[in-house]
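Novice: The structure's right below; bear with me while I get my questions together.
2 protein chains.
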Amino acid sequence: MFETAELGQKISKEDYKKRVPTLREELLEAQTRLREAGIPVVVLFSGVDGAGKGATANLLNEWMDPHFLVTRAFGKPSEEEAERPEYWRFWRDLPAKGNIGIFLSAWYSNPLLSRAYGETTVGQFDQQLDRVNAFEKTLVDGGMLVVKFWMHLGKDAQEKRFKRLEKNKLNKWRVTDKDWQHWRMYADFHAASEHIIMRTSTGEAPWTIVEGEDERFRSLKVCEVLLDEIKRRLPDPSTPENGDRDGQGPVTAVSPVTVLSTLDMSKKLSDATYSSRLKALQSRRNKLHREAREQKISSIVVFEGWDAAGKGGAIRRMVAALDARDYQVIPISAPNDEERAHHYLWRFWRHLSRAGRVTVFDRSWYGRVLVERVEGFASEKEWRRAYSEINDFEQQLVDHGTVLSKFWVHISRDEQEARFKARAEVPYKRWKLTDEDWRNRESWDRYEIAVNDMIERTSTLTAPWNLIEGNDKKFSRIRVLETVCNNIEERLRRENGDAPKGEAGKQ
Amino acid sequence: MFETAELGQKISKEDYKKRVPTLREELLEAQTRLREAGIPVVVLFSGVDGAGKGATANLLNEWMDPHFLVTRAFGKPSEEEAERPEYWRFWRDLPAKGNIGIFLSAWYSNPLLSRAYGETTVGQFDQQLDRVNAFEKTLVDGGMLVVKFWMHLGKDAQEKRFKRLEKNKLNKWRVTDKDWQHWRMYADFHAASEHIIMRTSTGEAPWTIVEGEDERFRSLKVCEVLLDEIKRRLPDPSTPENGDRDGQGPVTAVSPVTVLSTLDMSKKLSDATYSSRLKALQSRRNKLHREAREQKISSIVVFEGWDAAGKGGAIRRMVAALDARDYQVIPISAPNDEERAHHYLWRFWRHLSRAGRVTVFDRSWYGRVLVERVEGFASEKEWRRAYSEINDFEQQLVDHGTVLSKFWVHISRDEQEARFKARAEVPYKRWKLTDEDWRNRESWDRYEIAVNDMIERTSTLTAPWNLIEGNDKKFSRIRVLETVCNNIEERLRRENGDAPKGEAGKQ
C-alpha cells in the first residue's frame, strides 16, 4: 500500500516556483466559492511523524484566507474534554458552513497509537474504526466535504529526517525520545496504519497517501488534490457530476514518478541459470503443492500486466509442475451474458475452486480498475468503490485460508513494441496480436496511472502485489515461480505452528 | 425496538379478502416492470422461529411469477460449501437482473446463532455484522434492491405458537427440541437480534420489523412493504425520487394499531398518594444525585411528547430536588443561525455538560424524525438516516457512562383538546397556546405514525424509550421521577460492583 509513497518523488525548485502562483490563486478562488456555496470542509492529516503533517497545515494557513480556516491539533484530552464522550471535542470544533477546518491526526490518533502499542485487540481496533466511519459518514451525509491525507515516510527516510533535524541546533528539540521509540516500532505502526487506511478509505471519505520526503512534492500534491476535491464538490453546471475526466481522477495529479517507473528493467538471467533454477523450482512447487493439497489449502494466483508481458508463458511454467486435475486456468475477457446479468464480482466468486486446488486467473477482478476504468466501461463512482470491494473480497479469501499471490508483470514500452512487431512477423504468433493491442498501447500513460493507483489502494499486508520485471522472460518466470513457492511455504509453516514441516509430517 | 411488534396486530378475514386481489395484481405487475428494468431483488427474511418466515416466503412464491423467483434456505454448509469462503454460497445464489431471490436467514443466521449461544464475543459479532454490511452495500451499489424483513414474536406468543402446533398431529413434527431450547434462551436471542437490527439497518438496506403472530397481518404487511420498495426503486417519472409522500414512507402501511394506542390512558393517582410519593421520590432523587455527582456520573433526560402533554410540569418536579448549579434545562426549538450552519446533531453535542451534572432536554434531537419529518423540514433521505445517527450518538453517551432516560409523554387527543381550551380561557396560560399548536393537532395522525416509527427504530436495550401515560398529570410526574431514580440507581449499583452502595461508601 505504501509502495507508491516510497518512490523518492521530487519536484525541482524551478518547477515548484512555476506552479505555485497559479495554485495559490486557484485555492483562494475555490475558498471563496466554498463560502458562497456554504459547504463546510474538513482537511485531515494523519500519518508518519516527520512526514510533514504540521508543515503542510501551516502552508495551507499561509496560502488560504485564514478568516475562514481553523487548524486543530488534539493532545491528551483536557479535564473538560475527558468528562465528555470521546468525540465531543471533535464535534465542538467542526467548521461551520463555508469554513475549512484543518485537523491534525484527530480521531485517528487514539486508534493508531493504542493499536501500535498493543493496547487494543484487533476487534477493539475495528470497533474504533467503525466509529470513525460512522462519524465521517454522518458528516458527509450532512453536506461536509472530508479530504484525508496520509503523510508517509519509509523507515529509512524517517531516520534520515530525524538525524537531519538533530544536527541542526535550532531544530534539535523537535526530535524527542518518543519519536525514536516510535521509529523503532516502525513495523507496528506500519501494520496499524495500513489497517486504518483499508478500513476507513470509504466512498465518502477516501485517503490520499502522500510521500512526505520532499517538501515541495508533498506541498504541491496536497494542494492539487485538495483543489481538485473542492472543485468536484462545488456545484458547477459545466462539470457534470462524476465527470470522468479521462478516467483518471485527481489521484496522481503531480506525481512525476509511478511505482512502475522505479523497477529495474535490466534484470535478466542466463540460459543456464534459468534452466537449472526452473527445474529446481518446479520440483519444489510440486512438493509444496502435494503438501498443500493434503492439508486442503487452496491457492489463487492472479496475473495482471501489459499486453505481451509474458503472462501466458509464466503461467505455463508454473502449472507445468501440477497435475491437470488439481488446477484450472481462468482466462478473463469481456463478461458473457449471464455474467453481465450479475454483479461484476459474481463471476470470480463462482470460479473459486474446492479445497486444496489451484486457480490461476489470467487477468482478473482488477479489470474493474484497469481496462474498465481507462476505457470508461465503469463509471468513476464504480471503479472508485471497487478498490474497497476488492480488498474486502481478497480479505475473505485470505481469512478462509487461501494462499493468494498477485502479480503485475511489467515490461517497458519499447519492449512491448518489439514484441508486437515480432508477433506480427511470426505467422503462428500473429493471432495473438489484435488491433486492440495497438490501441491499448496508445493509452499506455493512462493505464500506468491506473496501475499506480491500483497498487496504492490494493497492495495490502494480507494481499500484497508482486511487481515483476518482465523485459527478460526468463527472469520473470523464475521470479513468479519463486514467489508462489515462498507464499505456499510460508502458509504451510504457519499451519504447522512455525516449524517447517519435514517428511515426517506426512501421514 | 420490538415494542411495536408485540401489539397484537390483526387483520380480519373480511378485510384480508378485500385487499388481496388488488395486491396480487400489483405484485405481478411490479415483477414485470422489474424484469423490464433489469433490476435484481433480494428479499430476506430473518427473525424469531415460528414467526412465519417460511410461510411468507411460500406465499410470495404463490402470488408471484415463479419463473423469475428463487427461494433459498441455507442449512449447515455442505462439504462443497465449507471448502470455500463463507459467502461463496450466497454469491452463487444471487438473483440475476430482473429476478427475485428470497433468502431465508442466510448471512444473518450464523452471526445470530453464534452470538446467542455465546460462541462469539461482542467484538467478533460486530466484525461479522461489518462483513454483512459491506456485502449488502456491494450488492446495492451494484444495482440490487435489498428488502429485509425481521419477523418477530414475543416470548409468550412464541410459546403459544409452539404449543398450538404440538397439539395438531399433522404439525407436531415442526416443533423440535431445539425450538424449545431456543425459546428458553429467548433473552439471549432478543439481545442479539436487537444488536443485529441496530447495526445492519443501513440506509442501503434497512430492516422492517413485522409482527408475526397473525398470519393475515404479516402477509399483508410484507407484501405491501415489498411492493412499496419495488415501486420506489423502479424508474418512474411520475414519482419523483425520494418523493415525500406526506413524510410517511412505507413503514406502517397496514398497521391499524400503533404502540401509543395500546397505552392504558385511564391510569391515575389520588391527590394524597401523589403528595406522599412525590415527597419520597424527590428526597430519593436528591440522595441519588449527590452520590452520582460525587462519582462524576452524568445524567441526560430527554422529554418528547404531544403539545400540552405536561412535559414542563414533569421537568419542574424532577429538577426541584436538585441544586441549580448542578443541572440545566435546554429547551429545543428551531435552530439559530450558528446552529443552522452546522450538522443538526452539533447543537446537542455542544450542550453536553461536564461530569456529574444533569442535562434535561425539553424536546431534543428527535425533532429530526418528528416535527422535521412531518412538516417536511427534513427530506425523507435525511430523516431516514437520522435513526441510525441518533442510535450511534446515544450509544456514545451511554458508552461514556452517562445515564440516559428518554420519555415520550402521551395524552389522548381529547385530553389535548380539553387542555388547549383550558389554556385559552385562563389569561396567564394563554401565552402557552399558539396557532401552531392547533395546526399541529391537525397532523395528529401523521405524528402518531412518526412516533411509532421512532420507537421502533430507536428504542434500544441501551437507550429504551419510556412511554408515559399522561392524561393524569400526577400519575405521569410520578412515573417520570421514579424512572429517572431507577435508572440512576441501577447505574450506581453497576458502578459499585452490583452491591448497593450504602452511607459507608461516602468519604
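Heads up: the protein sequence lines correspond to chains A and B, in order.
Residue numbers for the first sequence follow the numbering used here, so the first one is 240 and each next one is one higher.
Residue numbers for the second sequence follow the numbering used here, so the first one is 240 and each next one is one higher.
Quick reminder that beta carbons are idealized off the backbone N, C-alpha and C, glycines included.
Please list the segments of the alpha helix (DSSP H) lying wholly inside the region 349-412 of chain A, counting only runs of 4 or more residues, in order along the chain.
Specialist: Counting only runs of 4 or more, we get 361-380 and 394-406.
Novice: Can you give me, in chain order, the residues of the region 690-704 of chain A that have a beta carbon less than 7 Å from any beta carbon in chain B?
Specialist: If the cut-off is 7 Å between Cβ atoms, the region 690-704 of chain A has nothing near chain B.
Novice: Who are the neighbours of residue 326 (chain A) on chain B, taking C-beta pairs under 7 Å?
Specialist: Within the first sequence, numbered from 1, the residue matching residue 326 (chain A) stands at position 87. 635, listed in chain order.
Novice: Do you know whose CA, among B:322, B:332 and B:472, lies nearest residue 580 (chain A)'s CA?
Specialist: For this step, residue 580 (chain A) is matched to residue 341 along the first sequence. Residue B:332 is the option with its Cα nearest to residue 580 (chain A).
Novice: Name the two residues that bound the continuous beta strand (DSSP E) containing residue 537 (chain A).
Specialist: Sequence index remark: in the first sequence, residue 537 (chain A) carries index 298 (1-based). It is not in any beta strand (DSSP E) - residue 537 (chain A) carries neither H nor E in the DSSP assignment.
Novice: So if I threshold CB-CB distances at 7 Å, which residues from the region 618-630 of chain B count as touching chain A?
Specialist: If the cut-off is 7 Å between Cβ atoms, the region 618-630 of chain B has 624 and 628 near chain A.
Novice: Which residue wins for smallest C-alpha separation from residue 561 (chain A), given the options A:420, A:690 and A:530?
Specialist: Here residue 561 (chain A) refers to the residue found at position 322 when the first sequence is read from its first residue. Answer by Cα proximity: A:530.
Novice: Measuring only the C-alpha atoms, how far is residue 523 (chain A) from residue 353 (chain A)?
Specialist: Against the first sequence, residue 523 (chain A) aligns to sequence position 284. Against the first sequence, residue 353 (chain A) aligns to sequence position 114. About 42 Å.
Novice: Whose Cβ in chain A lies nearer than 9 Å to the Cβ of residue 271 (chain B)?
Specialist: Within the second sequence, the letter at position 32 stands for residue 271 (chain B). Under the 9 Å cutoff, chain A gives no residues; its nearest Cβ is about 17 Å from residue 271 (chain B).
Novice: Kindly list, in the order they appear in chain A, the residues whose Cβ is closer than 8 Å to that of residue 378 (chain B).
Specialist: Counted from its first residue, the second sequence places residue 378 (chain B) at position 139. Simply 582.
Novice: In three-state DSSP terms, what is residue 312 (chain B)?
Specialist: Here the question's residue 312 (chain B) lines up with position 73 in the second sequence. Correct three-state label for residue 312 (chain B): strand.
Novice: Check distances from the C-beta atoms of the region 592-608 of chain A to those of chain B and list, in chain order, the residues that come in under 7 Å.
Specialist: Of all residues in the region 592-608 of chain A, 593 and 594 have a Cβ within less than 7 Å of some Cβ in chain B.
Novice: Under 7 Å between beta-carbons, which chain B residues line up against residue 340 (chain A)? List them in chain order, please.
Specialist: Locating residue 340 (chain A) in the first sequence gives position 101, counting from the first residue. Near residue 340 (chain A) there are no residues of chain B at all, since even the closest Cβ is about 11 Å away, more than 7 Å.
Novice: Going by CA-CA distance only, name the one from B:348, B:702, B:356 and B:309 that's closest to residue 336 (chain B).
Specialist: Here residue 336 (chain B) refers to the residue found at position 97 when the second sequence is read from its first residue. Comparing Cα-Cα distances from residue 336 (chain B) to each of B:348, B:702, B:356 and B:309, the minimum goes to B:309.
Novice: Just checking: is the beta-carbon of residue 366 (chain A) within a distance shorter than 9 Å of some beta-carbon in chain B?
Specialist: For the purposes of this step, residue 366 (chain A) is taken as the residue at position 127 of the first sequence. Yes, because at least one Cβ of chain B sits closer than 9 Å to the Cβ of residue 366 (chain A).
Novice: Counting contacts by CB-CB distance shorter than 9 Å, is residue 560 (chain B) in contact with chain A?
Specialist: Translated into the one-based positions of the second sequence, residue 560 (chain B) becomes position 321. Chain A, which has no Cβ nearer than 9 Å to the Cβ of residue 560 (chain B), makes this no.
Novice: Just the C-alpha distance for residue 453 (chain A) and residue 576 (chain B), rounded to the nearest angstrom, thanks.
Specialist: For the purposes of this step, residue 453 (chain A) is identified with residue 214 of the first sequence, where counting begins at 1. For the purposes of this step, residue 576 (chain B) is identified with residue 337 of the second sequence, where counting begins at 1. So the alpha carbons of these two residues sit roughly 43 Å apart.
Novice: Compare the C-beta of residue 641 (chain A) against all C-beta atoms of chain B and say whether one is closer than 9 Å.
Specialist: Position 402 of the first sequence holds residue 641 (chain A). True, the Cβ-Cβ gap to chain B drops below 9 Å.
Novice: Near residue 601 (chain A), which residues of its chain fall below 8 Å by C-beta distance, leaving aside the five closest residues on each side in sequence?
Specialist: Position 362 of the first sequence holds residue 601 (chain A). Excluding residues within five positions, the ones whose Cβ falls inside 8 Å are 542, 550, 551, 554, 568, 569, 570 and 571.
Novice: Using the three-state DSSP reduction, which class does residue 645 (chain B) fall into: helix, strand or coil?
Specialist: For this step, residue 645 (chain B) is matched to residue 406 along the second sequence. Strand, per DSSP.
Novice: Contact between the region 344-351 of chain B and the region 397-405 of chain B is defined here as three or more beta-carbon pairs at a separation below 8 Å; is this criterion met?
Specialist: These segments do not touch.
Novice: Rounding to the nearest angstrom, what Cα-Cα distance links residue 675 (chain A) and residue 624 (chain A) in this structure?
Specialist: For the purposes of this step, residue 675 (chain A) is taken as residue 436 along the first sequence, with counting starting at 1. For the purposes of this step, residue 624 (chain A) is taken as residue 385 along the first sequence, with counting starting at 1. Rounded to the nearest angstrom, the two C-alpha atoms are 27 Å apart.
Novice: Closer than 6 Å by C-beta to residue 447 (chain A): which residues in its own chain qualify, once you throw out the five before and the five after it? Chain order, please.
Specialist: In the first sequence, counting from the first residue as 1, residue 447 (chain A) sits at position 208. Here the set comprises 388 and 464.
Novice: Do you know how far the Cα of residue 296 (chain A) is from the Cα of residue 458 (chain A)?
Specialist: Translated into the one-based positions of the first sequence, residue 458 (chain A) becomes position 219. Translated into the one-based positions of the first sequence, residue 296 (chain A) becomes position 57. One C-alpha to the other measures close to 10 Å.
Novice: Which term fits residue 261 (chain A), buried or exposed, when burial requires 16 or more other beta carbons within 10 angstroms of its beta carbon?
Specialist: Residue numbering aside, residue 261 (chain A) sits at position 22 when the first sequence is read from its first letter. Under this definition residue 261 (chain A) is an exposed residue.
Novice: Which partner residues of residue 705 (chain A) appear in the DSSP bridge assignment?
Specialist: The residue you call residue 705 (chain A) lines up with position 466 of the first sequence. DSSP, once it has assigned bridges, lists A:646 as partnering residue 705 (chain A).
Novice: Determine the chain B residues that contact residue 333 (chain A) at a beta-carbon separation under 8 Å, and present them in chain order.
Specialist: Here residue 333 (chain A) refers to the residue found at position 94 of the first sequence. Result: 581, 582 and 585.
Novice: Rounded to whole angstroms, what is the Cα-Cα separation between residue 497 (chain A) and residue 504 (chain A)?
Specialist: What you label residue 497 (chain A) is simply residue 258 of the first sequence in a count that begins at 1. What you label residue 504 (chain A) is simply residue 265 of the first sequence in a count that begins at 1. So the two alpha carbons sit approximately 14 Å from each other.
Novice: Please state the DSSP three-state secondary structure of residue 574 (chain B).
Specialist: The residue given as residue 574 (chain B) occupies position 335 in the second sequence. If DSSP states are grouped into helix, strand and coil, residue 574 (chain B) belongs with coil.
Novice: Can you find a CB in chain A that lies within less than 9 Å of the CB of residue 589 (chain B)?
Specialist: As a working note, residue 589 (chain B) is residue 350 in the second sequence. Output row for residue 589 (chain B): interface = yes.
Novice: Can you check whether the C-beta of residue 373 (chain A) is within less than 9 Å of a C-beta belonging to chain B?
Specialist: Translated into the one-based positions of the first sequence, residue 373 (chain A) becomes position 134. It does; some Cβ of chain B falls within 9 Å.
Novice: With which residues is residue 543 (chain B) paired in a DSSP beta bridge?
Specialist: Along the second sequence, read from residue 1 onward, the residue named residue 543 (chain B) stands at position 304. Bridge partners of residue 543 (chain B): B:647.
Novice: Apply the 10 Å Cβ neighbour rule to residue 528 (chain A) and answer buried if 16 or more other Cβ atoms are within range, or exposed otherwise.
Specialist: Along the first sequence, one-based indexing puts residue 528 (chain A) at 289. Under this definition residue 528 (chain A) is a buried residue.
Novice: Using a Cβ-Cβ distance under 9 Å, would residue 360 (chain A) count as near chain B?
Specialist: Here the question's residue 360 (chain A) lines up with position 121 in the first sequence. Yes, contact with chain B.
Novice: Out of B:423, B:566, B:287 and B:317, state which residue places its alpha-carbon closest to the alpha-carbon of residue 391 (chain B).
Specialist: Position 152 of the second sequence, counted from the first residue, corresponds to residue 391 (chain B). Per the Cα distances, B:287.
Novice: Counting C-beta neighbours from all protein chains within 10 Å, is the total for residue 368 (chain B) 16 or more, i.e. buried, or is it exposed?
Specialist: To locate residue 368 (chain B), count along the second sequence from 1; it is residue 129. Buried, because 16 or more other Cβ atoms sit within 10 Å of the Cβ of residue 368 (chain B).
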